[in-house]
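For reference, the structure is listed below as structure tokens.
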Amino acid sequence: MSITLLDQNTINKIAAGEVVERPSSVVKELVENAIDAGATAVTVEIKEGGISFIRVTDNGSGINKDEIEIAFKRHATSKIKSIEDLMAVSSLGFRGEALASIAAVSQVELITKTADSLSGVRYTIDGGVPGEVAEIGAPEGTTFIVRNLFYNTPVRRKFLKTATTEGGYIGSLVEYLALSHPDISFRFISNNQNKLHTSGNMNLKDIIYNVYGRDITNNLYEISGKSQDIEASGFIGKPMVVRGNRTYENYYINGRYIKSSIITKAIEDAYKGFIMPHNYPFSAIHFKINPAIIDVNVHPTKMELRFSNNEYIYNFVYDTCLKALNSKELIAEVSVPDPVAVKMQEAPVVRNVMPDVKLPEKNVSDSMPCKTETKSAESAKAEIKPKRLPEPFEIKGSLQMVKEDKVRYEAVTKSEPPKQMNLFENKLLDENSRNKYRIIGQLFDTYWLIEFEDKFYMMDQHAAHEKVLYERTMNKLHNKTIGTQMILPPIVLSLNMHEEEIYKTNQDIFKRLGYEIEEFGGNEYKVTGIPAGLPKMDYKQLLIDVLDGLSEESASKDPDIITEKVASMSCKAAVKGNNRLSFNEAFELMDELMKAENPYNCPHGRPTLIMMSRYEIEKKFKRIV
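For the sequence shown, position 530 (counting from the first letter as 1) is numbered 530 according to the UniProt record's numbering, and the numbering increases by one without interruption.
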């Protein structure tokens with residue numbers, strides 16, 4: 001078969017495959033052009049998922065009449081002039097491929113008007129074949145109408161999904177674009193129905209509300225950070241705002257929605273210890289990064305970019321997110337739903353004062369299946385002064401009936417809404433609160449009941465003790481103050497070739513951690529010393545688990561990974577549930593928890609405490625209606 005040169009029309013259709021994958025690709029390119037043109041309002045309208053009809057209207061600067069036909073030529077752009085401009089490109093588009101690619105596989109109509117023109121211009125191009133340029137009355141800005149996408153490339157059209165699915169892709173894209181540019185008003189219309197409308201008032205939180213709703217908007221932390229070449233602003237979700245995938249992790253670099261494994265890892269690593277494994281946080285973060293240290297020309301859709309210094313970017317994002325998380329008290333407030341009204345059936349007179357009634361068995365499990373939420377502002381603050389309460393005591397024997405001097409039977413029919421207060425003004429886990437809380441007792445030999453000011457707390461003794469042991473061990477390891485505890489008899493390990501390789505690769509780190517390990521002949525090793533201060537546990541299994549963990553991490557040389565695995569394994573010695581502790585032990589546990597860097601979650605992300613406000617409790621007893 002002889003080699004021939006393809007005609008320009010075929011070249012354009014092939015090249016269009018890199019830029020125009022589906023209808024959402026068309027919308028992305030046209031909206032980005034509108035943003036680059038300085039638009040403050042953009043309307044996206046589609047029908048049948050954008051397959052048959054797409055219209056993008058903006059109030060930007062428009063296109064000059066004598067530049068319209070050039071704009072549809074491949075590699076025609078106003079964004080850059082030379083290769084050097086790529087080092088400082090700030091526009092969303094710069095390749096000059098979008099319009100030519102779209103026009104090659106659809107029927108395009110353009111209506112545009114610049115500020116200094118008396119009339120607008122209408123131009124059509126059908127499958128890459130130019131039409132006529134005609135004057136028309138039009139407002140300032142540009143309107144693109146794209147009809148019958150892939151009508152001349154049926155193979156491409158065959159791979160499109162249903163109209164509903166394609167429309168969903170476009171809807172998600174418009175949401176990302178709206179979040180990336182709070183200063184622009186976006187309107188999205190699908191099949192003549194308004195789906196999204198943002199005001200363009202530069203308030204990112206308003207757009208988050210429009211896109212994600214009230215529940216997420218009410219559970220956000222504002223973040224900000226600045227260094228020499230990078231600045232960050234936006235919001236991250238509280239630890240209870242999580243999803244099973246990364247769809248809620250949004251971040252934008254210089255106004256561009258992108259995906260970066262470096263930034264994703266930094267955000268997720270900041271949340272370690274705050275959320276459960278395999279859960280992913282919410283984020284909507286804007287980064288302003290010096291264009292000289294990034295390369296945006298590495299992906300056909302410009303969805304990925306390259307940093308000149310990955311470690312610098314990672315550390316900045318990680319520190320910024322962690323700072324926001326550590327600045328707040330992260331005890332979840334529990335909202336107990338009102339009981340479902342049950343129609344009472346007629347029953348004989350009850351003769352027994354204390355009938356045998358089985359209560360619903362609904363224990364609180366480790367995974368916390370009940371609905372939890374943290375209220376950002378609304379809470380009740382009782383007009384009482386905290387006082388030093390008497391020492392706690394343990395009640396033994398049968399249930400005692402306590403009579404109040406006065407019993408109020410009338411319910412309060414009207415009540416003022418809870419006053420706005422700073423949720424983090426008075427922290428239970430602040431050392432200044434040491435003499436202000438009162439431990440009431442233990443529930444199910446697992447949960448400790450605590451009263452502090454106008455709030456009621458429940459502490460999971462296992463999660464709390466686990467956190468205390470974790471941070472105690474980690475502090476020793478990071479401060480390099482951990483010594484070696486000699487053991488008799490020594491531990492003998494039999495390692496396979498892979499495990500032996502992992503150990504030899506990291507044996508200097510094991511030595512720094514306090515391990516004394518010697519070869520014992522063949523594939524056996526003798527452990528004569530272990531890290532001092534480790535709680536009582538199966539030390540042999542600990543070492544095996546660490547080796548297994550290093551294998552899973554592809555034999556990483558990062559000491560932090562190893563030390564965290566050692567500390568995490570040491571948490572196996574934490575007191576378990578269903579074990580009764582004394583009040584003194586509970587007080588000691590609270591004191592230790594107060595000293596922790598992040599006392600609100602165990603190393604696996606489970607909460608150490610949950611909270612219910614006095615206002616919420618009184619609502620349940622109908623004292624407040």
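Each residue gets a CB set at the ideal place from its N, CA and C atoms; glycine is no exception. In this text, all values refer to a predicted model and were calculated from it rather than measured experimentally.
Contacts around residue i, its chain only, beta-carbon distance under 8 Å, and the 5 residues preceding and following it disregarded
| i | result |
| --- | --- |
| L547 | L495, E499, I502 and Y503 |
| G171 | F188, S190, K195 and L196 |
| E597 | N326 and E471 |
| N245 | Y280 |
Reference residue i; option with closest CA among the options
| i | options | result |
| --- | --- | --- |
| N202 | M497, G234, N191 and E132 | Reading the sequence as shown, one finds Met at residue 202 and not Asn. The shortest C-alpha separation from M202 is found at G234. |
| Y525 | C602, V492 and L443 | V492 |
| A98 | L305, S25 and K619 | S25 |
| T446 | E597, E32, L543 and L609 | L609 |
| P23 | S283, I624 and S106 | S106 |
| K167 | G273, G213, G49 and N309 | First, the residue type needs correcting, since residue 167 is Gly and not Lys in the sequence shown. Here the closest residue by C-alpha is G49. |
| G131 | E175, V155 and I68 | I68 |
| A270 | Y151, R243 and Y314 | Y314 |
| R606 | R246, M459 and N194 | M459 |
| S52 | K226, P277 and T164 | T164 |
| N219 | V241, N210 and S199 | V241 |
| F444 | N578, M612, S180 and S327 | N578 |
| D430 | R214, M594, Y169 and Y251 | M594 |
| P531 | I517, N506 and T484 | T484 |
| L204 | N475, S283, F520 and L428 | S283 |
| K265 | N310, N290 and I517 | N310 |
| Q228 | V44, C321 and I293 | I293 |
| T320 | S433, K272, A232 and M474 | A232 |
| P277 | H604, F621 and L428 | H604 |
| V44 | Q193, L149 and L160 | Q193 |
Rounded separation between residue i and residue j - CA only
| i | j | result |
| --- | --- | --- |
| A103 | R157 | 15 Å |
| S185 | H197 | 7 Å |
| E268 | E588 | 32 Å |
| I439 | I450 | 4 Å |
| H478 | I509 | 12 Å |
| F456 | N254 | 45 Å |
| K576 | C602 | 13 Å |
| E453 | N279 | 33 Å |
| A138 | G62 | 11 Å |
| K288 | L305 | 14 Å |
| I46 | T57 | 12 Å |
| M497 | N523 | 8 Å |
| E222 | P599 | 21 Å |
| E29 | D591 | 57 Å |
| E616 | Y437 | 19 Å |
| G514 | I35 | 58 Å |
| residue 626 | Q442 | With the chain covering only 1 through 625, there is no way to say anything about residue 626. |
| F583 | W448 | 9 Å |
| L177 | K323 | 27 Å |
| M612 | T505 | 50 Å |
| K259 | G120 | 38 Å |
| N580 | A463 | In the sequence on display, residue 580 carries Arg and not Asn. About 15 Å. |
| M537 | V468 | 16 Å |
Nonlocal neighbours in the same chain, by C-beta distance under 6 Å from residue i, ignoring five residues either side
| i | result |
| --- | --- |
| E109 | T124 and I145 |
| A115 | E140 |
| D215 | none |
| S224 | S233 |
Cβ distance (whole Å) where residue i is taken to contact residue j below 8 Å
| i | j | result |
| --- | --- | --- |
| P281 | I230 | Not quite, the Cβ-Cβ distance comes to about 20 Å (not below 8 Å), so this is no contact. |
| V317 | I275 | Not quite, the Cβ-Cβ distance comes to about 17 Å (not below 8 Å), so this is no contact. |
| I136 | R122 | 4 Å |
| V133 | K65 | 7 Å |
| S101 | V20 | 5 Å |
| Y251 | I285 | 4 Å |
| G141 | G60 | 5 Å |
| V31 | I54 | Not a contact, Cβ separation roughly 11 Å. |
| R256 | S180 | 7 Å |
Other residues of its chain near residue i: CB distance less than 7 Å, five sequence neighbours each side excluded
| i | result |
| --- | --- |
| S398 | For S398, the predicted model reports a pLDDT of 34, less than 50, meaning its position is unreliable; a value from the coordinates is still stated below. No residues qualify anywhere along the chain. |
| M486 | T528 and G529 |
| Y209 | T217 |
| E175 | L196 and V211 |
| K73 | A100 |
| H465 | A574, V575 and L589 |
- Task: List in chain order: all unbroken beta strand (DSSP E) runs of 3+ residues lying wholly within the UniProt domain "DNA mismatch repair protein S5" (208-326).
- Result: Taken in chain order, the complete beta strand (DSSP E) segments of 3 or more residues contained in the UniProt domain "DNA mismatch repair protein S5" (208-326) are 220-226, 230-237, 249-253 and 283-289.
- Within the segment 157-199, note down every full alpha helix (DSSP H) run reaching 4 residues or more, in order along the chain. Complete alpha helix (DSSP H) runs here, min 4: 163-180.
- Length-filtered (3 minimum) beta strand (DSSP E) runs lying within the segment 511-541: Taking 3 residues as the minimum length, the beta strand (DSSP E) runs contained wholly in the segment 511-541 are 516-519 and 524-531, in order along the chain.
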